[in-house]
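J.: Numbering (our numbering), first residue to last: 4 to 203.
1. Along the beta strand (DSSP E) that carries residue 16, what are the first and last residues, could you check?
2. Using the Cα positions of residue 9 and residue 29, report the straight-line distance between them to the nearest angstrom.
3. If you follow the beta strand (DSSP E) that residue 67 is part of, which residue opens it and which one closes it?
4. Within the continuous beta strand (DSSP E) that includes residue 138, where are the two ends?
5. State buried or exposed for residue 129, treating a residue as buried only when at least 16 other CB atoms are found within 10 Å of its CB.
6. What's the C-alpha gap between residue 147 and residue 63?
7. With a 10 Å radius around its C-beta and 16 neighbouring C-beta atoms as the bar for buried, classify residue 14 as buried or exposed.
8. Would residue 27 and residue 44 qualify as a contact pair, given that the criterion is a beta-carbon distance under 9 Å?
9. What is the DSSP secondary structure of residue 132, reduced to helix, strand or coil?
10. Which of the three DSSP states, helix, strand or coil, is assigned to residue 30?
11. Does the Cβ of residue 113 have 16 or more other Cβ atoms within 10 Å, making it buried, or fewer, making it exposed?
12. In the DSSP output, which residue or residues are listed as bridge partners for residue 152?
13. Bridge partners for residue 24 per DSSP, in chain order?
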């Protein structure tokens, strides 16, 4: 009654072109150090609210997850890596200010391993992702990019991987090596974002 409406049957995400995914989270190393981890725990909802109020920044959707009682993270789907980097480094956005505080504390020797921070960025080219949802509300990639009946992309994973959008170029050489390309892009993205954060 209070949940999201379920879409009956099988669907897939309507994503076209590259898909940009950011995983970002924290780990509570010492539960008793509340004054260290609570501000960080509360920072992410503030950033998500900031982004929700300004859709032009490029966040398409997100999922809040936990890996353990100590580890919490968010899967974010972005329009492009350029918009992600622009948000991360924008001095008028909360992310920039939050990282500046973390960096100052670290330089002053006030960070004592009470809380861990991490992120991973993936830019997955078309042909390097596929999805299926059975009797699910719009979730994850489908919530970010929209849902389609499964038949529009193919009932088998192999067919969905083979899908090409009409805007895609004729060159599909990158599709066969989607995993390698995604990993390389992820490493480059993580490095660029880390550099932007250090410059905060």
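Virtual Cβ for every residue (Gly too), placed ideally from N, Cα, C. This structure is a prediction, so every number in the text was calculated from the model and none was measured.
T.: Quick answer:
1. Under the DSSP assignment, residue 16 falls in the beta strand (DSSP E) whose first and last residues are 10 to 16.
2. Cα-Cα distance, rounded: 31 Å.
3. Where residue 67 is concerned, the enclosing beta strand (DSSP E) stretches over 62 to 69.
4. Residue 138 -> beta strand (DSSP E) spans 136 to 139.
5. Counting Cβ neighbours within 10 Å, residue 129 comes out buried, since at least 16 surround it.
6. Linking residue 147 to residue 63 through their CA atoms gives a straight-line distance of about 5 Å.
7. It is buried - the Cβ of residue 14 has at least 16 other Cβ atoms within 10 Å.
8. Judged by their CB atoms, residue 27 and residue 44 are not nearer to each other than the 9 Å cut-off.
9. Looking at residue 132 - three-state DSSP - the assignment turns out to be coil, as it is neither helix nor strand.
10. Looking at residue 30 - three-state DSSP - the assignment turns out to be strand.
11. With fewer than 16 Cβ atoms within 10 Å of its Cβ, residue 113 is classed as exposed.
12. In DSSP, residue 152 forms a bridge with 14.
13. Looking at the DSSP output, residue 24 shares a beta bridge with 80 and 125.
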